[in-house]
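Residue numbers (our numbering), protein chains in the order written: chain A, 1 to 462; chain B, 1001 to 1387.
A virtual CB, placed ideally from N, CA and C, is assigned to each residue, including glycine.
Here is the structure we will look at.
Structure, rendered in structure tokens:
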């Protein structure tokens, strides 16, 4: 085993475990051992910063009852959710706890809840963050008992005389065993009976309503007893398939969309053996040799969040206006807190179509230079001459994301790099020679070249 | 027509062409119109002989001149004049009670289901039109959405459709210096099967499609006056493309604002007027060139609404709904099947479906586009006889 990581490998680790790395950080890591470099990521994420928000105005508005007030409340809720979304973005952009935030983002996708309830959504998010590098068992239990999940998958409607199977189905299909693994429709029905009576009080604390619970005997995955919800979750974790499924999903997200069964077996042993300790699992991945295998580097399409946060961290970006940030996320098909459904975002090639790719390629220019460095449209475009100046100015304003950034000062520092070094630093995939020679023909590193490099299709990969 | 770019286009994009007037005839295409928000089907096509309808909707039920009679028992909302006109000419087929088992009443989820063609308990990440592109098409422009972003319905796993609101704008955007440089320097060897190759394929597909669409769409200039609404403008884009001979099979467009929890009558009426005027112009346009017989316009919404009106003169989210198919080439026009059964509602008070929406897709795929529907829908669904 090699003792140190190369620059490319360090960048790889930081892209996958976080959202990229600042150039100034590389020299300190390049001479230390792989183990120390990996450990540092975990030490940095030892602490956590829960999302917080002042819900005073929302709470006040919740008491109002007229139709007009209720409509205003609905609007306020969605607005608050968007502001919370921006807060999380700001945290991902500025935090040192990168691995913890990345894990939170992964589980935000794993336990995907789309609920226009900012308070409950925030609490769920904080549960994920709290256990992001701890016990998956505790995370699963707390998530299942959170108001957000109880509401989203209708467990409040799951009562003794009228069971609702929504949660029971998804907890197996999406959260633990994976679709069509081990369980049957009968198991879903039996589990749903065990989850009857799970509810929450008005203050958001979990409550078990005994009178709505089905006390009868249930047979679930071959075991028989008077099971309650907690028992079902315990049994699901007893099944090794849960470790396998989680490892597959984490592998696809952090390593490679194409699974290597041998690696999965290795990881599932470690994860199951550690009683579902996420820190142990993630360390095993980052310490493995195969994680740094060439075919695992620069092959993953960045999610919109990874792309925006990556640029944001690298160049100190701040969004002035939450609506612009939301609009951008919508255009790129990933709005945090509003996943498409309980299965989360499909990811991979799903992120890319003609519209999203065009925006993605323009994003560096839009985010870092407020559209100032927009590529020249005039040259060979006679129809552009016809549009009047006023029209063009208005269009330009529309395209601006209203961000501030430290692009000017940071690009001055980057100007010390040769173009080759700049590519080595910003691009993880291998750049085809045709593009390198014919598109990036500039001979010195300057702002324009930096924007160009960031606008390459390869910057979409990490 | 690729005077400037022909040499640069990699082989997988060659062979793009527009259709000559002789070839135009018989080139079948589909226009999908999505009514977003959950359109109330019972006030779209009104079972005006059914006492239960008025019982459930004392103030919201349509009567008298609010309805244009189609049959002895069913009438169309008077704001949908075009449907009545086409109905009388045998150019519309109305399919009642379309839905799916275990219906979901969330806008997002139900729209997802309609877009992907999944069951309510499965999650697919590709759309039904996208899978059609995957298995039967070569070029991204074979399905075009007239909008600024692309719907899930149009996304396949290997190919996705093109979204545009203006052919010239798409062309301009793809001809910006940097984008153009990348596109013109893309070589066959870079179009590998991995993610990097996929990025270049998408980029190049967009680049070439933009030119193809812009150049081809020039061929036809309509003489029909389209209304000023955004919806009608989008339909005009579609009309131009069809009449210009674009080799596009599926067009997609949507009209929003159907989530009528409050004061439904006015709101739905306004939207229907927009719909009716827009579709009317498109149909006139297609008839003037003889393309109406080759075009099928499918109108759907993610769900119908609750049978019983609510306390705010509106309706809440429901289930089964009607689907309208407009075309000059129908096999069976008129009212395709039985009226909604208001005496047999589910426990929420919603209509029960009798036709699976994927059966409608299967019919269009197999009988109209003449492709294998089972590969695209992953299952066999009972086909209908409207085409």
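If you drop the 5 nearest sequence neighbours on each side, which residues of the same chain put their C-beta closer than 6 Å to that of residue i?
i	result
residue 1293 of chain B	1328 and 1329
residue 1087 of chain B	1070
residue 370 of chain A	400
residue 1251 of chain B	1031, 1144 and 1238
residue 147 of chain A	120, 200 and 204
residue 1226 of chain B	1232, 1236 and 1281
residue 172 of chain A	183
residue 1129 of chain B	1143, 1153, 1154 and 1250
residue 1354 of chain B	1097
Taking C-beta pairs closer than 8 Å, name the residues in chain D that residue i reaches, listed in chain order.
i	result
residue 340 of chain A	Protein chains in the displayed structure are A and B, and chain D is not among them.
For residue i versus residue j, is the C-beta distance shorter than 7 Å?
i	j	result
residue 319 of chain A	residue 410 of chain A	no
residue 142 of chain A	residue 127 of chain A	yes
residue 1243 of chain B	residue 1313 of chain B	no
residue 197 of chain A	residue 209 of chain A	yes
residue 212 of chain A	residue 159 of chain A	yes
residue 259 of chain A	residue 248 of chain A	yes
residue 175 of chain A	residue 229 of chain A	no
residue 1078 of chain B	residue 1091 of chain B	no
residue 87 of chain A	residue 116 of chain A	no
residue 344 of chain A	residue 168 of chain A	no
residue 1316 of chain B	residue 1100 of chain B	no
residue 1285 of chain B	residue 1224 of chain B	yes
residue 1038 of chain B	residue 1346 of chain B	no
Report all residues from its chain with a CB closer than 8 Å to the CB of residue i; omit the five preceding and five following residues, and keep chain order.
i	result
residue 1118 of chain B	1112 and 1124
residue 422 of chain A	414, 445, 449, 450 and 453
residue 349 of chain A	301
Could you work out which residues of chain B lie near residue i, taking near to mean beta carbons separated by less than 9 Å?
i	result
residue 248 of chain A	Those within 9 Å of residue 248 of chain A in chain B number zero; the least Cβ separation is about 16 Å.
residue 455 of chain A	1178, 1179 and 1182
residue 86 of chain A	Ordered by position in chain B, no residue passes the 9 Å Cβ test against residue 86 of chain A, which lies about 21 Å from the chain.
If the cut is a Cβ gap below 7 Å, which residues of chain A does residue i touch?
i	result
residue 1266 of chain B	Per Cβ cutoff of 7 Å: no residues; residue 1266 of chain B is ~17 Å from chain A at best.
residue 1187 of chain B	434
residue 1376 of chain B	Chain A residues near residue 1376 of chain B: none, gap ~18 Å exceeds 7 Å.
residue 1149 of chain B	331 and 355
On the CB-based measure, 16 or more other CB atoms within 10 Å of its CB, does residue i come out buried or exposed?
i	result
residue 1320 of chain B	buried
residue 432 of chain A	buried
residue 1209 of chain B	buried
residue 1050 of chain B	buried
residue 31 of chain A	exposed
residue 11 of chain A	buried
residue 1029 of chain B	buried
residue 323 of chain A	exposed
residue 1023 of chain B	exposed
residue 36 of chain A	exposed
residue 460 of chain A	buried
residue 101 of chain A	buried
residue 1283 of chain B	buried
residue 463 of chain A	Beyond the ends of chain A as shown, which are 1 and 462, falls residue 463 of chain A; an answer cannot be given.
residue 60 of chain A	exposed
residue 1311 of chain B	exposed
Find the residues of chain B that neighbour residue i, judging by a C-beta separation of less than 7 Å, and give them in chain order.
i	result
residue 361 of chain A	1179
residue 147 of chain A	Result: empty, since nearest Cβ-Cβ is about 18 Å, beyond 7 Å.
residue 346 of chain A	1125
residue 26 of chain A	Ordered by position in chain B, no residue passes the 7 Å Cβ test against residue 26 of chain A, which lies about 24 Å from the chain.
residue 301 of chain A	1195
residue 114 of chain A	1108
How would you list, in chain order, the residues of chain A whose beta-carbon sits under 8 Å from the beta-carbon of residue i?
i	result
residue 1083 of chain B	Ordered by position in chain A, no residue passes the 8 Å Cβ test against residue 1083 of chain B, which lies about 32 Å from the chain.
residue 1140 of chain B	354
Listing by chain order, which chain B residues have their CB less than 8 Å from the CB of residue i?
i	result
residue 169 of chain A	1121
residue 439 of chain A	1178, 1181, 1182 and 1185
Got a sec? Which residues, its chain only, sit under 7 Å from residue i by beta carbon, not counting five neighbours each side?
i	result
residue 383 of chain A	In this predicted model, residue 383 of chain A has a pLDDT of only 36, less than 50, meaning its place in the structure is not dependable; the value taken from the coordinates is given anyway. For residue 383 of chain A, where only same-chain residues beyond five positions count, there are no Cβ hits under 7 Å.
residue 1240 of chain B	1217, 1220 and 1222
residue 1362 of chain B	1373, 1377, 1381 and 1383
residue 1200 of chain B	1186, 1190 and 1191
residue 96 of chain A	44
Check the Cβ of residue i against every Cβ in chain A and list those closer than 9 Å, keeping chain order.
i	result
residue 1217 of chain B	Within chain A, no residue comes near residue 1217 of chain B; the closest Cβ sits about 14 Å away, beyond 9 Å.
Contained beta strand (DSSP E) runs [length at least 3] in the segment 1071–1128 of chain B, N- to C-terminal order
1075–1077 and 1092–1099
Please specify which runs of the alpha helix (DSSP H), each continuous and at least 4 residues long, are wholly inside the segment 1311–1383 of chain B, giving them in chain order.
1357–1363 and 1373–1377
What are the uninterrupted segments assigned as beta strand (DSSP E) that are 3 or more residues long and contained completely in the segment 1150–1226 of chain B, given in chain order?
1162–1164
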